[in-house]
Amino acid sequence: MQTNSPISDAEMERRWAIGRRVLADLDLDALVMHAREDWIGGYVRWFTDVPANNGYPRTVVFFPDRPMTVIEMGPFGADRRPDPGDPAWRGVGRVLCTPSFHSVGYTVDYDTALLVEALQGCRRVGALVPAAMPHGMMRALEERFEIVDAADTLDPLKAVKSAEEIALIRQTARLQDQVFAELCDFVRPGVTDREVSAHAEAVARRLGSDQGIILGVSAPLGQPSRFLNRPFQVREMKPGDHRAVLIEVNGPGGLYLEIARTMVLGRADDHLLETFELVRAAQDHTLSLMRPGVDPAAIAAAHDAWMTARGLPPETRLYAHGQGCEMVERPLIRRDETMPLAEGMCLAVHPGFDDGRVFAVICDNYLIEADGVSECLHATEKRIFEL
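End of the sequence shown sits at 400 in the numbering used here; the numbers just go up one at a time, nothing left out.
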C-alpha cells in the first residue's frame with residue numbers, strides 16, 4: 014500500500030531521531046501516543062506518516078532500539094509483522110488489532126490490554142499529552158509504569174519544520190489558494206452554503222487533500238457571516254449576501270494550513286470594507302512582533318492592547334497558532350503559552366472580531382525566519398472579494 018503523498022524516508026528518519034533524543038533526554042523506555050482522528054492527532058501521523066481516521070483509535074509505541082508497535086482497529090487476535098519494505102508501515106515492526114470503538118465503553122479496555130502487552134519490559138514510559146488519552150488507558154499505564162508527560166520536550170522540536178516540510182507547506186498554501194479561486198468562480202445566487210462547502214472540499218480532494226474543514230455561513234450585509242460548520246450550512250445565497258470562508262484542509266504530507274477571506278455577491282458596504290482593513294492591520298501588527306525567541310504571551314498582550322486602543326474587543330479566541338501535522342499545534346499565541354517562537358515554525362495568524370453587524374476576519378500562514386516572518390505563504394489577495 015502507498016499513502017497519497019508520503020513523507021520521504023529521510024524525513025521519517027529525522028523524526029525518529031528526534032524521538033530517540035526525547036527518550037534519551039527523559040530517560041524513557043518508550044513513548045506512547047494515541048489518536049482517533051487526523052485533524053488534531055498529529056503525533057501519530059508525525060511518527061508513522063499514517064493518520065487515525067473517523068474516530069477509530071490508533072495507538073503507537075515508539076522504542077529507542079526497535080521498530081514501533083501500532084495498535085489499531087481490526088479483528089480480534091490479529092498480530093502482524095509487516096514487511097520492512099512495505100511503505101504503509103515504515104518503522105513499524107508489529108501491528109496489534111482489536112475491534113474497539115469509543116462509542117462502546119467496554120471495548121476501550123481491549124486497546125489498553127494490547128498496549129500493556131506491547132510495553133512489557135518497560136519501566137519508565139513517556140506519554141504525549143496524557144490528559145487527552147482515554148482515562149482507562151492512562152489509569153492502567155499509571156498502575157504498571159512510571160509515566161512522564163513527554164510533550165513539553167517533543168513539541169518544540171516537532172514545531173520547527175524541516176526543509177522538506179517547508180516545501181510541502183508551500184505546496185499546501187498553493188493548494189488552498191486554488192481552492193479559494195475555484196470557489197469564487199462557483200459562488201452565485203441560488204447555491205446553498207452546504208453546496209459552497211461541498212464544492213470547496215471536492216476541489217481540495219481533487220488537488221490532493223485528504224482531510225479538513227470548510228467553515229462559514231452566508232448572511233445579508235449588516236448581519237455577521239460567522240464560521241459555522243456543516244449542520245448550520247443550510248441557507249441559500251442571495252444577491253447582495255456575503256460569506257466569510259475558512260479553508261482549513263491539509264495538503265501534501267498531511268500538513269495543515271488555513272486561509273480565510275470574505276466574498277460578496279455584489280458590492281461590499283463601507284462597514285464590511287472598513288472592518289476588514291482593521292483586521293488586516295491587526296494581522297500586520299502581530300506579524301511585526303513575530304521573530305525567534307519572542308514570548309507568545311507578550312505578543313498576545315500586545316495584540317489586545319492594539320485592539321482596545323482602536324475601540325475593538327480584546328481577543329478571547331485563539332487568534333494565532335502553530336500548524337503542521339496538527340490543525341492546531343503549539344506554539345499558541347495567547348497568555349498561557351510557554352514555548353517561545355523559533356526559526357522554522359509555521360503559524361496561522363487570524364485576528365477577528367464580531368460586532369453584531371459583521372464578523373471581520375482574515376487568515377494566512379507564515380514561517381518564522383531568522384529576522385521575522387516570511388512573505389505570506391498564501392498568494393490570495395488580502396481584500397474583500399466582490400463577485
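Don't be surprised by glycine CBs; every beta carbon is placed ideally from N, CA and C.
**Asked** For Ala37, which option in Asp22, Phe75, Gly68 has the closest C-alpha, if you only look at C-alpha atoms?
**Response** If we check each option's Cα against that of Ala37, Phe75 comes out closest.
**Asked** Rounded to the nearest angstrom, how far is the Cβ of Val138 from that of Phe158, given a contact under 8 Å?
**Response** Right, their Cβ atoms sit about 4 Å apart.
**Item:** With 16 other Cβ atoms within 10 Å as the buried cut-off, status of Lys171
**Value:** It counts as buried.
**Prompt:** Beta-carbon separation of Ala101 and Val63 under 9 Å?
**Reply:** The answer is yes: Cβ separation under 9 Å.
**Request:** Could you tell me if Val247 is buried or exposed, where buried requires 16 or more neighbouring beta carbons within 10 angstroms of its beta carbon?
**Result:** Exposed: under 16 other Cβ atoms inside 10 Å.
**Cβ neighbours of Met320 in the same chain (closer than 6 Å, five flanking residues each side left out)** = Around Met320: Pro327.
**Message:** Phe60 and Gly32 - do their beta-carbons sit closer together than 9 Å?
**Reply:** Judged by beta-carbon spacing, Phe60 lies within the 9 Å limit of Gly32, meaning their Cβ atoms are closer than that value.
**Local conformation of Ala232 per DSSP, three classes** = Three-state DSSP puts Ala232 in a strand.
**Message:** My output table needs one value for Ile20: the three-state DSSP class, helix, strand or coil.
**Reply:** Looking at Ile20 - three-state DSSP - the assignment turns out to be coil, as it is neither helix nor strand.
**Prompt:** Can you give the Cα-Cα distance for Val57 and Val83, rounded to whole angstroms?
**Reply:** Those two C-alpha atoms are separated by around 10 Å.
**Request:** State the beta-bridge partners of Val45 as determined by DSSP.
**Result:** Answer by DSSP bridge pairing, in chain order: Val74, Ala140.
**Request:** Please report the residue range of the beta strand (DSSP E) in which Arg280 lies.
**Result:** Run containing Arg280: none; DSSP gives neither H nor E here.
**Asked** When we look at the beta-carbon of His255 and count the other beta-carbons within 10 Å, is it buried (16 or more) or exposed?
**Response** Taking every protein chain shown into account, the CB of His255 has 16 or more other CB atoms within 10 angstroms, so this residue is buried.
**Message:** Would you call the stretch 378-398 in contact with the stretch 266-282, where contact means no fewer than 3 C-beta pairs closer than 8 Å?
**Reply:** As far as the Cβ criterion goes, the stretch 378-398 touches the stretch 266-282, which means the pair count is three or higher.
**Message:** Determine whether the beta carbon atoms of Glu339 and Gly68 lie at a separation below 9 Å.
**Reply:** It is not a contact, given that the beta carbons lie outside the stated cut-off.
**Prompt:** What is the residue span of the beta strand (DSSP E) that His255 lies within?
**Reply:** Segment 254-262, the beta strand (DSSP E) holding His255.
**Item:** Through-space distance from Tyr332 to His284, alpha-carbon basis
**Value:** Rounded to whole angstroms, His284 to Tyr332 spans 22 Å at the Cα level.
**Prompt:** Unbroken beta strand (DSSP E) runs of length 3 or more, entirely within the stretch 109-182: which are they?
**Reply:** If only uninterrupted beta strand (DSSP E) runs of at least 3 residues are considered, those enclosed by the stretch 109-182 are 137-140, 159-162.
**Message:** I need the straight-line Cα distance from Ile20 to Gly266, nearest angstrom please.
**Reply:** Their backbone Cα atoms lie some 6 Å apart in a straight line.
**Message:** Here's the rule I'm using: 16 or more other beta-carbon atoms within 10 Å means buried, otherwise exposed. How should Thr111 be labelled?
**Reply:** The C-beta of Thr111 has 16 or more other C-beta atoms within 10 Å across all chains shown, which makes the residue buried.
**Beta-carbon contacts of Thr393 that lie in its chain and below 7 Å, excluding the five residues immediately before and after** = These residues qualify, in order along the chain: Asp190, Phe193, Ile272, Arg274.
**Message:** Could you compute how far the alpha carbon of Leu270 sits from the alpha carbon of Leu390?
**Reply:** Taking C-alpha positions only, Leu270 is separated from Leu390 by approximately 9 Å.
**Message:** Restricting to Cα atoms, I'd like to know which of Ala232, Pro309, Ser222, Met250 is closest to Val200.
**Reply:** The shortest Cα separation from Val200 among Ala232, Pro309, Ser222, Met250 belongs to Met250.
**Segment limits, beta strand (DSSP E) that includes Phe372** = Segment 372-374, the beta strand (DSSP E) holding Phe372.
**Request:** Please confirm whether Ala295 and Leu325 have their CB atoms less than 9 Å apart.
**Result:** Their beta carbons are under 9 Å apart, which means Ala295 touches Leu325 by this criterion.
**Request:** Over the uninterrupted beta strand (DSSP E) stretch that includes Gly369, give me the two end residues.
**Result:** Annotation: Gly369 is outside any beta strand (DSSP E) and is labelled neither H nor E by DSSP.
**Message:** Comparing C-alpha positions only, which one of Ala383, Gly87, Glu287, Arg28 sits nearest to Thr375?
**Reply:** For the sequence presented, residue 375 should be read as Ile rather than Thr. Nearest option by C-alpha distance: Glu287.
**Item:** Distance CB(Thr351)-CB(Ala314) smaller than 9 Å
**Value:** With a cutoff of 9 Å on beta-carbon distance, Thr351 and Ala314 are scored as not near each other.
**Asked** Ala355 and Gly365 look like a contact to me (Cβ under 8 Å); what is the Cβ gap, rounded to whole Å?
**Response** Rounded, the Cβ-Cβ distance is 26 Å, inconsistent with contact.
**Request:** Note down the Cα distance separating Ala164 from Arg34, rounded to an integer number of angstroms.
**Result:** For Ala164 and Arg34, the distance between alpha carbons rounds to 13 Å.
**Item:** Nearest-angstrom Cβ-Cβ length linking Val371 and Pro202, presumed shorter than 8 Å
**Value:** 20 Å between Cβ atoms; not a contact.
**Item:** Beta-carbon separation (whole angstroms), Gly104 vs Pro80, contact threshold 8 Å
**Value:** Contact between Gly104 and Pro80 holds, with the beta-carbon distance rounding to 6 Å and staying under 8 Å.
**Request:** Kindly indicate which three-state DSSP category Asp403 falls into: helix, strand or coil?
**Result:** The structure shown has nothing for residue 403, since the chain only spans 14 to 400.
**Request:** Name the residue from Val362, Ala140, Pro88 whose alpha carbon lies nearest to the alpha carbon of His298.
**Result:** For the residues Val362, Ala140, Pro88, the minimum Cα distance to His298 belongs to Val362.
**Asked** What number of angstroms, rounded off, separates the C-alpha of Glu155 from the C-alpha of Leu109?
**Response** Whole-angstrom Cα-Cα distance: 21 Å.
**Message:** Distance check for Glu195 and Leu220, CA to CA, integer angstroms please.
**Reply:** Distance between the alpha carbons of Leu220 and Glu195: 12 Å.
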